[in-house]
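Visitor: Take a look at the following structure, please.
In the numbering used here, the protein residues as written are 11 to 146.
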């Protein structure tokens, strides 16, 4: 993780299975940062089928790389060095970006412009999660 790499699949998949199998998820849930690759997305589909739940939509926040780098550097975390952040973006492009096409193909993708004022991003997210806006 300190190098900008992702948590191993076997660890994260077990955590997701355990969490979504708990009773308090029956009426809905949000996952932040999962799935991160198509294999994890397929696992999630299989798991949800097993536990008789569905994934209604997936949200993609669209933000230019330079803006992401600047924002992450401002956080001041020890692992937020520019080279590590840029490596995370390379890993994202290689492993995570294919999810956009995967979920678009399943008509589950909702995209939000994350490069605007926080209030506008929050309002757009609120519309999606309250089902006020169901178009892609």
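For glycine and all other residues, C-beta sits at the position ideal for the given N, C-alpha and C.
Less than 8 Å between the CB atoms is what I'm expecting for residue 106 and residue 46, so what's the real figure, rounded?
Guide: Numbered from its first residue, the chain shown carries residue 106 at position 96. Numbered from its first residue, the chain shown carries residue 46 at position 36. Contact flag correct, Cβ pair sits at about 5 Å.
Visitor: What whole-angstrom Cβ distance do residue 25 and residue 57 have, given they're in contact under 8 Å?
Guide: Within the chain shown, residue 25 is the residue found at index 15, counting from 1. Within the chain shown, residue 57 is the residue found at index 47, counting from 1. Residue 25 to residue 57, Cβ: 12 Å. No contact.
Visitor: For residue 98, which of 43, 36, 111 and 62 has the nearest alpha-carbon?
Guide: Numbered from 1 along the chain shown, position 88 holds the residue referred to as residue 98. Selected option, being the one with the closest Cα: 43.
Visitor: Nearest by alpha-carbon distance to residue 76: which of 63, 53 and 100 is it?
Guide: On the chain shown, position 66 is the one that residue 76 refers to. The residue with the shortest Cα to Cα distance from residue 76 is 100.
Visitor: On the three-pair Cβ rule with 8 Å, is the segment 57-73 touching the segment 104-122?
Guide: Flag = yes, the segment 57-73 and the segment 104-122 touch.
Visitor: How is residue 89 classed by DSSP in three states: helix, strand or coil?
Guide: The residue given as residue 89 occupies position 79 in the chain shown. In the structure shown, residue 89 sits in coil (DSSP, three-state: anything other than H, G, I, E or B).
Visitor: Where does residue 61 sit, in a helix, a strand or coil, going by DSSP?
Guide: Taking the first residue of the chain shown as position 1, residue 61 is located at position 51. Coil.
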